[in-house]
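Here the sequence shown is numbered in numbering that gives the first Met the number 0, starting from 0 and rising by one per residue.
Here's the structure we're looking at; comments come further down.
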Amino acid sequence: MHKRGAYMDEMDKAQTEEPSSESGRPTAPAATSDAEEAAPQPETSREARNMAMLCHLLGVAGFFAPLVIWLIEREKHRFVDEHGRDAMNYQVSLLLYYAVSFLLTPLIVGALMLCVLSVVHVVLIIMGAVKASHGEPWHYPIAVSFLK
């Protein structure tokens with residue numbers, strides 16, 4: 000068997016010990032964990048997250064419900080303003096996509112597009128609502144940024 004030297008044993012010991020300051024006290028690690036980064040930002044209150052979530056979920060009911068929530072709550076919370084603006088950009092984009100799909104209905108491809116858009120619409124709204132409830136940013140991947 001190979002015998003390790005005293006230097007190698009000291010190196011292993013130094014690597015396993017926590018770093019300490021000059022006073023001998025352990026110092027906090029500099030890196031943050033993934034759970035801390037995914038946690039909601041302190042400025043996003045429960046009320047703000049709920050209103051942002053409503054902006055997304057009410058998109059199932061149509062265009063005007065998220066608009067009303069966004070217009071009422073955007074001055075109170077920056078988080079609601081960001082999510083509401085994204086939800087409205089998505090609603091306007093979706094309206095345009097539905098119009099184009101409807102116009103293409105006689106070519107059969109429009110009917111297929113209408114079906115796909117309906118499923119994608121529900122999935123994206125749920126994803127946006129979940130992100131908002133966790134206090135995370137969300138941008139709809141198929142939305143055009145009309146409102147900046």
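We put the beta carbon where it would ideally sit given N, CA and C, even for glycine.
Check: Extent of the continuous alpha helix (DSSP H) run through F101; Outcome: 77 to 102
Check: Span of the alpha helix (DSSP H), counted from its first residue to its last, around H138; Outcome: Taken as a continuous stretch (DSSP letters only), H138 belongs to no alpha helix (DSSP H), as it is neither H nor E.
Check: Enclosing alpha helix (DSSP H) for A110 [first to last residue]; Outcome: 108 to 132
Check: Spatially closest choice to F145 from L70, V79, T104, R84, by CA coordinates; Outcome: R84
Check: Which of helix, strand or coil DSSP assigns to R45; Outcome: helix
Check: Closest residue to L70 among A60, V59, M87, L56 (Cα-Cα distance); Outcome: M87
Check: As assigned by DSSP and simplified to three states, the class of L66; Outcome: helix
Check: Cutoff 6 angstroms; reference H76; Cβ partners in own chain excluding five residues on either side; Outcome: A47
Check: The stretch 131 to 147 / the stretch 88 to 103 touching (three or more Cβ pairs under 8 angstroms); Outcome: yes
Check: Helix, strand or coil at E74 according to DSSP, with G and I counted as helix; Outcome: coil
Check: Cβ neighbour criterion (16 or more within 10 Å) applied to S170; Outcome: This structure leaves residue 170 out entirely; the chain is present only between 0 and 147.
Check: Reduced DSSP category for V143 - H, G, I as helix; E, B as strand; rest coil; Outcome: coil
Check: Exposed unless 16 or more other CB atoms sit within 10 angstroms - verdict on I124; Outcome: buried
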